[in-house]
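Keeping their order, the protein sequence lines are chains X and Z. Going left to right, the first sequence walks through residues 1 to 159 as my numbering numbers them. Going left to right, the second sequence walks through residues 1001 to 1331 as my numbering numbers them. Don't be surprised by glycine CBs; every beta carbon is placed ideally from N, CA and C. For clarity, every value in this text was computed on a predicted model and none was experimentally measured.
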Amino acid sequence: MRAKIVVNGVGTELELDARESLLDVLRERLELTGTKKGCDHGQCGACTVHLDGRRVLACLTMAVQADGREVTTIEGVSGDGGGLHPMQRAFVDHDALQCGYCTPGQIMAAIACVAEGHAGDDDQIREYMSGNLCRCGAYPGIVAAVREVARGGVRPEEA
Amino acid sequence: MRPFAYSTAATVAEAVSAAAAPGTRFLAGGTTLYDLMKLDVEAPAAVVDVSRIAELARVDTDGPDELIIGAGARMCDVAEDPVLLRDYPALAESLAKAASQQLRTMATVGGNLLQRTRCAYFRGSGFPCNKREPGSGCSALGGLDRGHAVLGGSDACVAVYPGDWAVALLAFDALIDVAGPDGERTVPLSELHREPGDTPQAEHTLAPGELIVRIRVPATAAGRSSTYHKVRDRESYAFALASAAAALAFDGPVVTEARLAVGGVATRPWRSREAEALLVGRPLTAESARAAGEAVFSGAVPGRANRYKIELGVRTVVDALFLAARKEESR
């Protein structure tokens, strides 16, 4: 079926097979490979994107369900000048990654976590970030990064 | 994945009429259905997307007689409903402790009621499973059954009902309104899920093409002193090994009303009226709580590696009862 999805602010018309996941459309057809495929079954969080501003798993979202809606991926979070998003900056500052595979999903979840108001303390951050698994175990750095952004400690980089 | 016809419905009437064709399934959040389609466990001929039906998402928790929660409301939103948080914490907690925030943002409170089991033999195609392929056998019986049910199982299936929300709703006598070709009808939640018996593939009592439109919870004095206690392998984002929804009302120290249901241990959401009766008419003590927990599990049948669930379940009930009672004291 014919669908129009706004991805990172750009309207895109696509002919979709109903079986296609939003994740596969982003990666294979729109070449936005920042969003990662981990388990492909909603268990790891690596494919986290924002749909109409709320965090969802792209692997369990049929692409046709995004018709007429806005998708934001990790490629779409930087400022107008291309500088890092404050959450990206905080992940770098706090060494919140090792191999980096889960990082785009972590950052999309983390941005939402702060926006939702679920980053009040470390316990709440851990609870609301629990859907994103990090096999390298960078969790302490991730919690520190989210905590810092929630407290307004990081400013966007000047482009 | 097998090909299927996809359509969207704008109203409940449209959805019901589109679902008249055989092999049609409703799609809301998709977190169970689409996942199982990828595994070839589900292979619908047609999918009707009900996620854009505005009337399904209506929530009204301000009325004096009952909570009204549209089936299409998202789990993450209902988990933060201020009335639920204040007056029915067990309901809010059961949602907040389920899945991850991403999944709760996608999944609806209606679809969640019929979430399918996480039994690995059901999800994987390499082993016989009576639920996936009736008559093929149950690989969990005598197999890897650490996560399986000790209550409500049969010779055909011991798969656990995986949800939390339905367990809490069951304790509160929730009612489910469904729309079908002949109009609306109401099903008590206690009659929605089935034990596996000889037909584990039949998990609920809805007719093909019937759509859950709303959940109603009658007001009760036991709402405020309630909790959903969930014990799992990790602190967050895991299915229950054992869980309990407990709700109490008191007159002074004496329990006047008790509501108790358990999850993670049974083939369907599981309530114990016998255990509730043991609690009423006396103060809550370590002894009465233990007796209630043991009553819940009096008919438990362990398998090979899940005997621990009986003692764990009893203790989960005891803890849940005291957590619920403590909410009364803190007011």
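Best match in the options for proximity to residue i [C-alpha to C-alpha]
i, options, result
"residue 135/X", "67/X, 101/X and 147/X", "101/X"
"residue 1107/Z", "1188/Z, 1027/Z, 1214/Z and 1002/Z", "1027/Z"
"residue 46/X", "140/X, 105/X and 123/X", "105/X"
"residue 88/X", "70/X, 41/X, 108/X and 66/X", "108/X"
"residue 1223/Z", "1088/Z, 1038/Z, 1040/Z and 1097/Z", "1088/Z"
"residue 1046/Z", "1052/Z, 1053/Z and 1037/Z", "1037/Z"
"residue 1053/Z", "1213/Z, 1275/Z and 1140/Z", "1213/Z"
"residue 1077/Z", "1098/Z, 1294/Z, 1128/Z and 1024/Z", "1098/Z"
"residue 1314/Z", "1083/Z, 1260/Z and 1031/Z", "1260/Z"
"residue 1072/Z", "1153/Z, 1195/Z and 1049/Z", "1049/Z"
"residue 152/X", "90/X, 95/X and 96/X", "90/X"
"residue 1262/Z", "1210/Z, 1280/Z, 1176/Z and 1240/Z", "1240/Z"
"residue 10/X", "103/X, 144/X, 32/X and 28/X", "32/X"
"residue 1144/Z", "1307/Z, 1325/Z and 1171/Z", "1307/Z"
Cβ of residue i within 7 Å of any chain X Cβ
i, result
"residue 1121/Z", "no"
"residue 1035/Z", "yes"
"residue 1030/Z", "yes"
Residues that residue i contacts on chain X, provided the C-beta gap is smaller than 8 Å
i, result
"residue 1062/Z", "In chain order: nothing, as chain X lies at least about 23 Å away."
Residue i at chain Z interface by Cβ criterion, 7 Å
i, result
"residue 14/X", "no"
"residue 18/X", "yes"
"residue 57/X", "yes"
"residue 42/X", "yes"
"residue 48/X", "yes"
"residue 60/X", "yes"
"residue 35/X", "no"
"residue 158/X", "Residue placement at residue 158/X is poorly supported in this model, since its pLDDT is 41, which falls under 50; the coordinates still yield a value, given next. No, its Cβ sits nowhere closer than 7 Å to a Cβ of chain Z."
Alpha-carbon spacing of residue i relative to residue j, whole angstroms
i, j, result
"residue 146/X", "residue 132/X", "13 Å"
"residue 1116/Z", "residue 22/X", "23 Å"
"residue 1291/Z", "residue 1244/Z", "15 Å"
"residue 1289/Z", "residue 1299/Z", "17 Å"
"residue 1189/Z", "residue 1270/Z", "11 Å"
"residue 1218/Z", "residue 1168/Z", "13 Å"
"residue 1043/Z", "residue 1319/Z", "42 Å"
"residue 1086/Z", "residue 1121/Z", "40 Å"
"residue 8/X", "residue 80/X", "12 Å"
"residue 1019/Z", "residue 1067/Z", "28 Å"
"residue 60/X", "residue 1297/Z", "36 Å"
"residue 1201/Z", "residue 12/X", "41 Å"
"residue 1126/Z", "residue 1198/Z", "22 Å"
"residue 1118/Z", "residue 126/X", "24 Å"
"residue 1178/Z", "residue 1207/Z", "10 Å"
"residue 1209/Z", "residue 1013/Z", "11 Å"
"residue 19/X", "residue 1034/Z", "9 Å"
"residue 1279/Z", "residue 1258/Z", "7 Å"
"residue 62/X", "residue 29/X", "14 Å"
"residue 1096/Z", "residue 1103/Z", "11 Å"
Under 9 Å by beta carbon: chain Z residues contacting residue i
i, result
"residue 29/X", "In chain order: nothing, as chain Z lies at least about 17 Å away."
"residue 64/X", "1006, 1008 and 1049"
Residues that residue i contacts on chain Z, provided the C-beta gap is smaller than 7 Å
i, result
"residue 54/X", "1105"
"residue 45/X", "1100 and 1102"
Interface partners of residue i on chain X, CB under 9 Å
i, result
"residue 1003/Z", "17, 18 and 19"
"residue 1327/Z", "In chain order: nothing, as chain X lies at least about 19 Å away."
"residue 1131/Z", "Residues of chain X passing the Cβ test: none, with the nearest at roughly 18 Å."
Contacts of residue i in chain Z (Cβ-Cβ under 8 Å)
i, result
"residue 11/X", "The premise fails here: residue 11/X is roughly 19 Å from chain Z at the closest Cβ pair, so nothing lies under 8 Å."
Cutoff 7 Å: residue i Cβ touching any chain C Cβ
i, result
"residue 1056/Z", "Of the chains in the structure shown, none is chain C; the protein chains are X and Z."
Problem set entry | Within 7 Å of chain X by C-beta, residues of the segment 1071-1105 of chain Z in sequence order | 1100, 1101, 1102, 1103 and 1105
Problem set entry | Contact set between the segment 113-135 of chain X and chain Z, restricted to residues whose Cβ is under 9 Å from the partner | 113, 116, 118, 126, 127, 128, 129, 130, 131, 132 and 133
Problem set entry | Proximal residues, the segment 79-93 of chain X versus chain Z, C-beta separation under 9 Å | Within the segment 79-93 of chain X, no residue has its Cβ closer than 9 Å to any Cβ of chain Z.
For this session: Return the residues of the segment 1219-1240 of chain Z that lie within a Cβ-Cβ distance of less than 7 Å from chain X, sorted by chain order.
Result: 1236 and 1237
Problem set entry | Within 8 Å of chain Z by C-beta, residues of the segment 92-110 of chain X in sequence order | 109
For this session: Check distances from the C-beta atoms of the segment 1302-1323 of chain Z to those of chain X and list, in chain order, the residues that come in under 9 Å.
Result: none
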